[in-house]
Each structure stands twice: as C-alpha cells, then as structure tokens.
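Visitor: Structure provided below as structure tokens; questions to follow.
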Amino acid sequence: MEISHVIRGEEWLPSLALHYQLYQAFGWDAPEFAHLPLILKPTGKGKLSKRDGDKLGFPVFPLLWEDPKTNEVSRGYKEDGYFADAMVNFLAFLGWNPGTEQEIFSLEELIAAFDLKKVNKSGARFDPDKIKWFNHHYMQEQNNEELADIFKNSTPELADIDTSYIAMAINLIKERATFVSDFWDLSHFFFVTPTSYDEKASKKALKEGTEDLMKQLIAILNANTDFSVETLTTEIKGWITSNEISFGKVMMPLRLALVGALQGPDVFDIIYMIGKNETVKRIEKLIATI
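Residue numbering for the sequence shown follows our numbering, starting at 257 and increasing by one per position.
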C-alpha cells in the first residue's frame, strides 16, 4: 500500500492491536503508527468541540462549513481573517514543542524541526488568544500593498481610493491590528472626515483658549509651503515651544479635529496623509463646535 506512517488522534489507541492484526491477516507490512494528544477545550478540561467554539466565539473549522443535514453554517478561520501561515504555525505547537524559545516558524522551518519524538503525551489546550497573537505577528509580515487590496475589496467606502494611498495608511496602523477587519476602525479618518467627536475626549481636549490656539495653528499651516512630516513637526513643535504652550493644549484638540478621538498614529503623519486643505477644514469644523 506504500503507506509508511499513520498519524492520528489518541482516541484510536484502543484499536491499534486490531489494526495490526488486520495487516498481518492480509500479509502486509504494517506502517509506523503515531498517536497525537487530543486538542482540549480552552479550560483544559475535555476535548475541543464545535459547541465550544460557538459558546466562546471562535471557529473550529479551517473554512466555512455547512452541515448538509441541518444546513447550519459554521464560519471558518479563513473567513474570520486568519492568515494560513499563522494557522499552520499555531497548530504545529498544539502538542509539540521544538525544545527552544522560538515560536515563529516558516513552513520550511517547521518541516526541518518537527520530530514525532517531541510530541507531548498530554492533551494540548486550545488557546484562542494565542492564535490571535500569531495572526498579529503575521499581519506585520504582510506586504502593505497586498493588504490594501484585501482591505479595499472588502470595504465599499474605499472603492474610489487609490490603492497606494490605502497601503500608506495601513503602514501607519497595522501594528495595532490583528485582522484586516480591524483596519477601518483604526484608519477611517484617513478616508472620511469625522462626523462627531468622542464626548470624553472632547471634555479632555477642549479648554479655554483652544479656539485661539487652533486659529493660530491654521495660520501656520496655511503659511507652510513644504508640507513634509519633518517640516510640519519642526514648525509646529517650534511654535509650541517658543510660545511656552503646553503640548497637550495644542496636540489633543488637533488630534480630536483630525480623528474624532484621542487615539491614532502620529498626528504629523495624519496631517501629511490627508493634506493641508483637509487638515484646515477639519480644524475649522472643530472650532465651529467650541
């Protein structure tokens, strides 16, 4: 039969003697049998099941699957935005360990390092957070242009946006992303003007004197002819320092105007990306709400 190894779950161990006898009865050479530990629930108690995934909010299938009897649809890891390399790397560590501190392996490295002798005998606890950790790592390894294509194709708001611009935005926010589906919440302000401001952020950022400072900032931006990140950083920080203004009094309302909240990448990167006209328009919009 030319089968050299049979690798299966440990629940098959009670049938091993019977299978050896079947090979002997047919006069065949028996292959090498290896039995892998079960994948356990996140709690470590009992075998992982579809019900556990449904209850705790993670897939248990690699791809979307529809039960032919009930027509019940179960989502898969691919549809949930997990990268194939992340999935393979994660699964390799369920019940196996290379004996080193290394956790990130390419497929080629896994093939070279894998040894059945290093497979654990005890069950492997499935950790949904760990696979997210792997996916976050592989997200950082992905090409920004390829991610931009995926993001654009899944986001109607980006239909008319240049892919290279989307890739530049992704480069600034993907460090905080685990899935491509995270991109819009982390980057929407690169593509659309904020329609509202976070209430808590507004109370923190908008103080007495904010309106005047924002008007001074607009004047600096309008006078700027070199709209590079370096020049913007030097001129605006220089103005703040020379006038002995608290950075928070300028940077917080500026970020609020640009993003609608107080989170996001470097303010000067945002200004450079959206351009002078859009930056001024957003600051003016904020002033109108004060």
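Where a beta carbon is used, it is the ideal one built from N, C-alpha and C, also for glycine.
In angstroms, rounded to a whole number, what distance separates the CA positions of Lys-460 and Val-523?
Guide: Counting from 1 along the sequence shown, the entry for residue 460 is found at position 204. Counting from 1 along the sequence shown, the entry for residue 523 is found at position 267. Straight-line Cα distance between these residues: approximately 17 Å.
Visitor: Report the option in Phe-483, Gly-504 and Thr-497 whose CA atom is closest to the CA atom of Glu-609.
Guide: Past the boundaries of the shown model lies residue 609; the chain is included only from 257 to 546, so the question cannot be answered.
Visitor: What residue does the alpha helix (DSSP H) around Arg-538 start on, and which one ends it?
Guide: In the sequence shown, the residue the question calls residue 538 occupies position 282. Note, Arg-538: alpha helix (DSSP H), 532-545.
Visitor: How far does the beta strand (DSSP E) with Gly-309 in it extend, from its first residue to its last?
Guide: For the purposes of this step, residue 309 is taken as residue 53 along the sequence shown, with counting starting at 1. Per DSSP, Gly-309 belongs to no beta strand (DSSP E); it is in the alpha helix (DSSP H), 306-312.
Visitor: Would the segment 321-333 count as touching the segment 395-414 if we require 3 or more Cβ pairs under 8 Å?
Guide: Judged by Cβ distances under 8 Å, the segment 321-333 makes no contact with the segment 395-414, as fewer than three pairs qualify.
Visitor: Please list, in chain order, all residues of the same chain as Ile-476 whose beta carbon is under 8 Å from its beta carbon, the five residues on each side excluded.
Guide: By 1-based counting over the sequence shown, the position of residue 476 is 220. Excluding sequence neighbours, Ile-476 sits near Glu-491, Ile-492 and Trp-495.
Visitor: Which value, in whole angstroms, describes the spacing of the CA atoms of Val-375 and Phe-382?
Guide: As a working mapping, residue 375 is identified with position 119 in the sequence shown. As a working mapping, residue 382 is identified with position 126 in the sequence shown. The alpha-carbon atoms of Val-375 and Phe-382 are separated by roughly 16 Å.
Visitor: Run through DSSP, which three-state label would Gly-494 get?
Guide: Here the question's residue 494 lines up with position 238 in the sequence shown. Here Gly-494 sits in helix by DSSP.
Visitor: Given the structure, does Ala-425 come close to the ligand FAD, in the sense that its CB is under 6 Å from one of the ligand's heavy atoms?
Guide: With respect to the ligand FAD, the structure shown offers nothing to examine, as it has no ligands at all.
Visitor: How would you call Trp-352, buried or exposed, if buried means at least 16 neighbouring beta carbons within 10 angstroms?
Guide: For the purposes of this step, residue 352 is taken as residue 96 along the sequence shown, with counting starting at 1. By the neighbour-count rule (16 or more Cβ atoms within 10 Å), Trp-352 is buried.
Visitor: Using only CA atoms, which one of Gly-337, Leu-312 and Glu-455 lies nearest to Leu-320?
Guide: For the purposes of this step, residue 320 is taken as the residue at position 64 of the sequence shown. Among Gly-337, Leu-312 and Glu-455, the Cα nearest to that of Leu-320 is on Gly-337.
Visitor: Roughly how many angstroms separate the alpha carbons of Asp-525 and Asp-308, rounded to a whole number?
Guide: For the purposes of this step, residue 525 is taken as the residue at position 269 of the sequence shown. For the purposes of this step, residue 308 is taken as the residue at position 52 of the sequence shown. Between Asp-525 and Asp-308, the C-alpha separation is close to 43 Å.
Visitor: Between the Cα of Asp-416 and those of Phe-447, Ile-429 and Gly-265, spot the shortest distance and give me the residue it belongs to.
Guide: On the sequence shown, residue 416 is found 160 positions in, with the first residue counted as 1. The candidate whose alpha carbon is nearest that of Asp-416 is Phe-447.
Visitor: Between the Cα of Lys-541 and the Cα atoms of Glu-486, Glu-500, Thr-481 and Thr-449, which residue gives the shortest distance?
Guide: By 1-based counting over the sequence shown, the position of residue 541 is 285. Out of Glu-486, Glu-500, Thr-481 and Thr-449, Thr-449 has the C-alpha closest to the C-alpha of Lys-541.
Visitor: So for Ala-290, helix, strand or coil by DSSP?
Guide: Start at 1 with the first residue of the sequence shown, and residue 290 comes out as number 34. Strand at Ala-290.
Visitor: Which residue or residues does DSSP assign as beta-bridge partners of Arg-381?
Guide: In the sequence shown, counting from the first residue as 1, residue 381 sits at position 125. Beta-bridge pairing links Arg-381 to Leu-296.
Visitor: Using the beta-carbon count (16 or more within 10 Å), is Pro-315 buried or exposed?
Guide: The residue you call residue 315 lines up with position 59 of the sequence shown. With 16 or more other Cβ atoms within 10 Å, it is buried.
Visitor: What's the C-alpha gap between Glu-397 and Leu-272?
Guide: Counted from its first residue, the sequence shown places residue 397 at position 141. Counted from its first residue, the sequence shown places residue 272 at position 16. Roughly 43 Å separates the two Cα atoms.
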